[in-house]
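Residue numbers (my numbering): 355 to 538. See structure below.
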């Protein structure tokens, strides 16, 4: 995903995500054993890499004024600098790794599907979590419409960072919540 840097100039450009997946797999192979030896160190490393990735992406969005509007040069610029680069996509992958770690940790503590007793309080909490996750997903899907039509290119850098940088992270986090709720 780096040679050539412009993902529009690669052979079979629609396969850009395979390079990202391979890089994530290699990073995961390094992180997962650390977590199993020292859980706090594993979490620290995972959160640090996530923070660095979010920071780099925010920097790129701010420096190049990348925007969510896809019907002009903004999409080409976003694609060139950020869209397919692994360092901008890593947080969503790390959410998946963290979800697996949370599930494993809960099971190690004896919290399994079979051991759960669901009362009114648990039903309310799980319903609230599901509604919140669903609301975040809807927000991420529909919020770009505020930068469209007569309001196109109206977003400032901060608004672009919220969607383009944190949107993918919260999309993955919302699906992780829904997945864990379905598991339990």
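Cβ atoms here follow ideal geometry from the backbone N, Cα and C, with glycine treated the same way.
* In terms of alpha-carbon separation, which member of 475, 420, 445, 365 lies closest to residue 402? -> 445
* **Buried or exposed (CB count within 10 angstroms, at least 16 for buried), residue 428** => buried
* Distance, residue 410 Cα to residue 511 Cα -> 14 angstroms
* the segment 368 to 375 in contact with the segment 390 to 408 per 3-pair CB rule at 8 angstroms -> no
* **residue 506 and residue 423 closer than 7 angstroms at C-beta** => yes
* **Best match in 481, 499, 501, 438 for proximity to residue 374 [C-alpha to C-alpha]** => 438
* Name the two residues that bound the continuous alpha helix (DSSP H) containing residue 517. => No alpha helix (DSSP H) holds residue 517; DSSP gives it neither H nor E.
* Asked: Using a Cβ-Cβ cut-off of 6 angstroms (strictly less than) and excluding sequence neighbours within five positions of residue 530, which residues of its own chain qualify?
  -> 449, 453
* Asked: Between which two residues does the alpha helix (DSSP H) containing residue 491 stretch?
  -> 474 to 496
* To do: Ignore the nearest five residues each way along the sequence and tell me which others in residue 319's own chain have a CB closer than 6 angstroms to its CB.
  => Lying before the first or after the last residue shown, residue 319 is absent from the chain, which here runs from 355 to 538.
* Drop a sphere of 10 angstroms on the beta-carbon of residue 504, count the other beta-carbons inside from all chains shown, and report buried for 16 or more, exposed for fewer. => exposed
* Three-state secondary structure (DSSP) of residue 369 -> helix
* If you drop the 5 nearest sequence neighbours on each side, which residues of the same chain put their C-beta closer than 8 angstroms to that of residue 414? -> 420, 435, 436, 442
* Asked: For residue 464, which three-state DSSP category applies?
  -> coil
* Asked: Just reading off the alpha helix (DSSP H) that residue 469 is part of, what are its end residues?
  -> First-last for residue 469: undefined, no H or E at that position.
* Asked: Going by other Cβ atoms of all chains shown within 10 Å of its Cβ, with 16 needed for buried, is residue 514 buried or exposed?
  -> buried
* Output the distance between the C-alpha atoms of residue 484 and residue 528, rounded to the nearest integer angstrom. => 8 angstroms
* For residue 521, count neighbouring Cβ atoms within 10 angstroms of its own Cβ and tell me buried if that reaches 16, exposed if not. => buried
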